[in-house]
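So the protein lines, in turn, are chains A, B and C.
Sequential numbering from 6 applies to the first sequence in my numbering.
Sequential numbering from 37 applies to the second sequence in my numbering.
Sequential numbering from 5 applies to the third sequence in my numbering.
Virtual Cβ for every residue (Gly too), placed ideally from N, Cα, C.
Here's the structure, in structure tokens; my notes come after.
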Amino acid sequence: MILRLFRIRGGVHPPEHKHPTASRPIEACPLPARLYVPLQQHIGAPAEPVVQVGEKVLKGQLIGHAQGPVSAPVHAPTSGTVTTIAPHAAPHPSGLPVVCVTIEPDGEDRWESAPAETDPFLLTPREIGERVAAAGIVGMGGAAFPSAVKLGAATRTPIHTLIINGGECEPYLTCDDRLMRERAVEVIDGVRIMLHGTQATRALIAIEENKPSAIRELKRAARIDERVMVVRIPALYPMGSEKHMIQTLTGRELPPGRLPADLGLIVHNVATAFAVHRAVRFGRPLISRIVTVGGGALREPRNREVLIGTPIEDLVECCGGFAEEPARLLMGGPMMGQVIPWNAPVVKGTSGVIALTREEIHIGETRACIRCGRCVSACPVGLMPLEMASRIRADQFDGAVDHGLNDCISCGSCAFVCPASIPLVQFFNFAKGELVARKTAQDKSQVLKLMAEQRQARLEREAREKAEAAARKKAEREAAKRAEQEAAARETGT
Amino acid sequence: MYAAIVVLTAMGLSLGFVLGLAARLFRVEADPVAEKIEALMPGSQCGQCGYPGCKPAAEALARGEASVTLCPPGGRALAEELAQLLGVQADLSGVKDAVPMLARVDEDLCIGCLKCLRACPTDAVIGAAKQIHCVLPEACSGCGKCVDVCPTECMQMLPIEPTVRTWRWPKPVLAAA
Amino acid sequence: MALKIELKTSPHLKDTDGVAQIMRNVVWALLPVCAFAVWQFGVSALALIVTVTLACVATEHLFNRLSHRHGTLSDWSATITGLLLALTLPPGFPLWMAAVAGFVAIALGKAMFGGLGFNVFNPALVGRAFVQAAFPAAISGYTQPGLPGRFLEFIPTTLTLPFTKPLALDGFSSATPMGEWKFNGMITSAGDLFTGMVAGSAGETSALLILACGLYLALRRFMDWRIPAAVLGGAALTAGLFWFVDPGHYPTPMFVLFSGGLMLGAVFMASDMVASPVTPWGVWIYGLLIGFLTVVIRYFGGLSEGVMYAILLGNACGPLIENLTQPRIYGARKVRQNAGNRT
């Protein structure tokens, strides 16, 4: 069976740079001296710590439980002692701290429980969802949305197709490629568990054509289940974007504000499928992941299986350190990844740690826009980046929104092709942030206005009540006086 | 030549008459601008503008007695909206977005006097007599009225520290024109 | 070891092309055309090209100084304007008028709008339109190509002193193929049109050479191939229609494509990035409009040539075309309308 593929608009072909890490097997990373496990590694509410400073924890032990409907728990990546629960540098461009549980490993790496295999196909879909939630699995392609919430959508809307995203269209990154090549059977098992969990009728594993070995391995492993189909898709950035993967595979565009589930679709990353396999079949929480450590500044670029919470510093050290000082240190791929502080830890959504040299970046000095229109041709969403940027530059945020700012997926294709090196994505990020800030301020101002009005009303009511009470008292007093007088009069009268 | 003068004058007069007539016939009743302005205002009645509350300030603005940049808590965004509503060109370059401030109680100094509690226009201070007070950050408008009444200087206005969630990308600074 | 974080957004990679590189390649693509002009028309053409280019670069420099801006000379855009403008002028055009044209091109065509990226019209054509109006006699005096003494002496009009009447072009003058057709009903042979051994503006005569240079730019992605394709297509369609209706009166589409300044205009001027629309559909509409207007002006206008005004009109319609052809946003059912109007 051949699946008909659909074209997407725009897109770019950045240089791949995948070879240095794609050709070598995944290696483990030695235990670092300290692990910094952030309580929030996902979209949604942060986890609530359930351990105390000084407490001994075992590998896989729950250290933070999920708060609210969209959240994920956090587990100890190894056995050791909790030394602090305090703010530590977050893997975020601001360099601001987030609360982390710091664990000093004891080196024994002792599991909380012995491995116990269960047959996932005997479980109900709800139980699978519960196990995925308890394991703290989040989307591992980078967005880090709690996976159980997505799987749970299947209980509300019927899902017919499960899409597994093995696109990995970002340059440099090869962690999904290596995972598919080396652990194809486990990935397929995870996909089948998710099929069972969502009750979907088929699963499409989409892999870009530049990963022939991964396609071969997964096709071989997928033979055990005819519902699972491996699809070769064109290598084009940003093919890995959820919206564009859906468009490529189904020809349908996700209407604004709708979720894939509304179209009967659900999209998960291959690394998430692997984590689901471990969690549901073996009851193991998400405490490690495969990270591509790459970039021209590194001495030994590799794919490493890394414990969550490992500082970037240690990770770089175990890859031979830097050959030269990197111009930028990134988390994620170079097209959408973010600059991060040097001491930030690896989190569940870290697909890569990329150290780029100045030559690799070669983004020149910003010049005036010459309206060449390359950004318009490159935009996969059909926007006019040059128009949006010129409006944002003049602080005309409404104009930018009219031009589709809210539809922008920040893929960076426009800035990649811009010959004038205009920081288009930063303009869009700035404007999106400004709009959020204004909305927040407006919401707060509404609340404050309401509170001020209520207070005013209360003060008036109190004044009125006081006046009424005074009047009543006065009336009572007078009534009493009158009664007294009357009584006195009666007495004197009789 | 005289004909031209006569014709042009007559045209001018008649057109002027038509215009005048139209102005009377199609006159639009003035919008209740003050109410619209008040709806935009923060509404916390903080009095930082120099008027007793948001309503008097809105009325002053509608009368054209106050500048659109009068409201520090509203910041640049409000000034822009007001300028648009009133159709005035205002120089907003000087209006910095006020650094949002929040009141905080220094617990070592608070004597539980209830003065700030009564002064707060949004009921953001909670506490009881002889108990240490506390400010609810969600309800604090940052107006600073509590600071003025506090007898022990335990109320402080502190800028809101950005967190990973509230941090925003700055506007790109371009060297080239 | 402490690393400083440089606060930059993604993407952290960039395609190789830069503004300066694009512009430099356009200059390279123009050089063969210039060389051919010099070979054909001699030292006068060389003096003309040098004068106009220097005038443009000097004006750009002057306005940079006045507006305290730097670094726009290194982007080669003023050089391109100068070369293009020179190529659209008759080879014997008086040099002082050429310098005026260069000044006007940059000052009125570009600096007035705010410099590179903001001009509505192609600056070179603004300069040419100015001298067309200011010096109508001088700009319609064309010389024969390949005169024997062309490398040793100037065409007499070249060295006209400022504000004096140019000498008559006795013995040199020749009509352009377009002029021959329009005013004398003569059709120049196709072979002469392809090779460019005809009278005309300094750089417009060899259609084949221009096409080859354009092909280089298109293949290296320094030019949007769709615009020249649309302009030539529009002109061929319109001319074909007229020819089909009355083959005795109107020339063949082939003649229309390869005569006059159409090829130079289509390849190097209509495709000016700054003054052309950027939307996928807008590009085609813009090009077709220019092609159509060129033929209509040639057939029914007072002048024998119509490319310059067609492109200027196309430039003027650019923003409107762009606004009407906004691309559809992913997931949105309807095409956005007039998003650009609200500012």
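Per-residue DSSP class, three states only, for residue 215(A): Indexing the first sequence from 1 puts residue 215(A) at position 210. Residue 215(A) falls in the coil class under three-state DSSP.
Cutoff 7 Å: residue 97(B) Cβ touching any chain A Cβ: For the purposes of this step, residue 97(B) is taken as the residue at position 61 of the second sequence. Not one chain A Cβ lies under 7 Å of residue 97(B).
Three-state secondary structure (DSSP) of residue 347(C): Indexing the third sequence from 1 puts residue 347(C) at position 343. Residue confidence is low: residue 347(C) scores 35 on pLDDT, short of 50, so the model does not pin down where it sits. Its coordinate-derived value is still stated next. In this structure, residue 347(C) counts as coil in the three-state DSSP scheme.
In chain order, each beta strand (DSSP E) run of at least 3 residues that lies wholly inside the stretch 114-198 of chain B: 137-141, 191-195
For residue 229(A), the three-state DSSP class (helix, strand or coil): As a first step, residue 229(A) must be located in the first sequence, where it is residue number 224. Helix at residue 229(A).
Residue-level contact to chain A via CB, residue 154(B), 7 Å cutoff: Counted from its first residue, the second sequence places residue 154(B) at position 118. No, because no Cβ of chain A sits closer than 7 Å to the Cβ of residue 154(B).
Short CB-CB distance (under 7 Å) between residue 502(A) and chain B: The question about residue 502(A) has no answer here: the residues shown for chain A are numbered 6 through 499.
Identity of the residue in 72(A), 411(A), 54(A), 373(A) nearest residue 395(A) by Cα: Within the first sequence, numbered from 1, the residue matching residue 395(A) stands at position 390. It is 373(A) whose Cα lies nearest to the Cα of residue 395(A).
Secondary structure, alpha helix (DSSP H): runs of 4+ residues fully inside the stretch 213-265 of chain C: 230-249, 257-262
Distance between residue 248(C) and residue 257(C) (C-alpha atoms, nearest Å): Here residue 257(C) refers to the residue found at position 253 when the third sequence is read from its first residue. Here residue 248(C) refers to the residue found at position 244 when the third sequence is read from its first residue. Each residue's alpha carbon lies about 10 Å from the other.
Neighbour list for residue 101(C) in chain A, Cβ cutoff strictly below 7 Å: Locating residue 101(C) in the third sequence gives position 97, counting from the first residue. Simply none; closest approach about 29 Å.
Chain-ordered residues of the stretch 69-83 of chain B with a beta carbon less than 7 Å from chain A: 78, 79, 80, 81
Own chain, CB closer than 6 Å to residue 93(A), minus 5 neighbours either side, in chain order: The residue you call residue 93(A) lines up with position 88 of the first sequence. If we look at residue 93(A) and ignore the five residues flanking it on each side, its Cβ neighbours are 41, 102, 105.
7 Å Cβ cutoff, residue 258(A) in contact with chain C: To locate residue 258(A), count along the first sequence from 1; it is residue 253. Yes, contact with chain C.
Residue closest to residue 321(A), alpha-carbon to alpha-carbon, out of 299(A), 488(A), 267(A), 84(A): Working through the first sequence from its first residue, we reach residue 321(A) at position 316. Looking at the Cα atoms, 299(A) is the closest of the given residues.
Chain B within 7 Å of residue 101(A), Cβ atoms only: Taking the first residue of the first sequence as position 1, residue 101(A) is located at position 96. Closer than 7 Å to some Cβ of chain B, the Cβ of residue 101(A) qualifies, so yes.
Under 7 Å between C-beta atoms of residue 134(C) and residue 108(C): Mapped onto the third sequence, residue 134(C) falls at position 130. Mapped onto the third sequence, residue 108(C) falls at position 104. Contact flag set, yes.
Interface positions of the stretch 272-283 of chain A facing chain C (Cβ-Cβ less than 8 Å), listed along the chain: none
CB contact check: residue 331(C) to chain A, cutoff 7 Å: Taking the first residue of the third sequence as position 1, residue 331(C) is located at position 327. It does: the Cβ of residue 331(C) has a partner Cβ on chain A nearer than 7 Å.
Residue 62(B), buried or exposed, once every other Cβ within 10 Å from all chains shown has been counted against 16: Position 26 of the second sequence, counting from 1, holds the residue named residue 62(B). The residue in question, residue 62(B), is exposed, as its Cβ has fewer than 16 Cβ neighbours within 10 Å.
Any chain C beta carbon closer than 7 Å to residue 366(A): One-based indexing of the first sequence puts residue 366(A) at position 361. Chain C, which has a Cβ nearer than 7 Å to the Cβ of residue 366(A), makes this yes.
Contact belief for residue 279(A) with residue 195(A) at Cβ below 8 Å, rounded distance in angstroms: Taking the first residue of the first sequence as 1, we reach residue 279(A) at position 274. Taking the first residue of the first sequence as 1, we reach residue 195(A) at position 190. 5 Å between Cβ atoms; contact.
Positions along the stretch 21-46 of chain C whose CB lies within less than 9 Å of some CB in chain A: 21, 22, 23, 24, 25, 26, 27
Under 9 Å from the C-beta of residue 341(A): neighbouring residues of chain F: The chain inventory of the structure shown lacks chain F, comprising the protein chains A, B and C.
Entirely enclosed alpha helix (DSSP H) segments - the stretch 280-363 of chain A, minimum 4 residues: 317-323
Span of the beta strand (DSSP E) around residue 87(B): By 1-based counting over the second sequence, the position of residue 87(B) is 51. No beta strand (DSSP E) contains residue 87(B), which DSSP labels as neither H nor E.
Residue 232(A) versus residue 116(B) - alpha carbon distance: Walking along the first sequence from the start, residue 232(A) turns up at place 227. Walking along the second sequence from the start, residue 116(B) turns up at place 80. The alpha-carbon atoms of residue 232(A) and residue 116(B) are separated by roughly 57 Å.
Residue 149(C) in three-state terms, based on DSSP: Counting from 1 along the third sequence, the entry for residue 149(C) is found at position 145. Residue 149(C): coil per DSSP, three-state reduction.
Residue-level contact to chain C via CB, residue 21(A), 7 Å cutoff: On the first sequence, residue 21(A) is found 16 positions in, with the first residue counted as 1. Not one chain C Cβ lies under 7 Å of residue 21(A).
CB contact check: residue 113(B) to chain A, cutoff 7 Å: Taking the second sequence and counting its residues from 1, one reaches residue 113(B) at position 77. By this cut-off, residue 113(B) is an interface position.
Chain A contact for residue 290(C) (CB, 7 Å cutoff): Working through the third sequence from its first residue, we reach residue 290(C) at position 286. No, its Cβ sits nowhere closer than 7 Å to a Cβ of chain A.
Buried versus exposed call for residue 347(C) [16 or more other C-beta atoms within 10 Å across all chains shown]: Indexing the third sequence from 1 puts residue 347(C) at position 343. Confidence at residue 347(C) is low in this model, with a pLDDT of 35, below 50, so its placement is unreliable and the value that follows should be read with caution. By the neighbour-count rule (16 or more Cβ atoms within 10 Å), residue 347(C) is not buried but exposed.
Segments assigned beta strand (DSSP E), at least 3 residues, entirely inside the stretch 47-112 of chain A: 67-70, 85-94, 102-110
Per-residue burial, residue 3(A) [other beta carbons within 10 Å of its own, 16 or more giving buried]: Any property of residue 3(A) remains undetermined from this structure, which presents chain A solely from 6 to 499.
Any chain C beta carbon closer than 7 Å to residue 124(A): What you label residue 124(A) is simply residue 119 of the first sequence in a count that begins at 1. Taking Cβ atoms only, chain C never reaches closer than 7 Å to residue 124(A), which makes this a no.
Residue 85(B) to residue 188(B) span [Cα, whole Å]: Counted from its first residue, the second sequence places residue 85(B) at position 49. Counted from its first residue, the second sequence places residue 188(B) at position 152. The alpha-carbon atoms of residue 85(B) and residue 188(B) are separated by roughly 26 Å.
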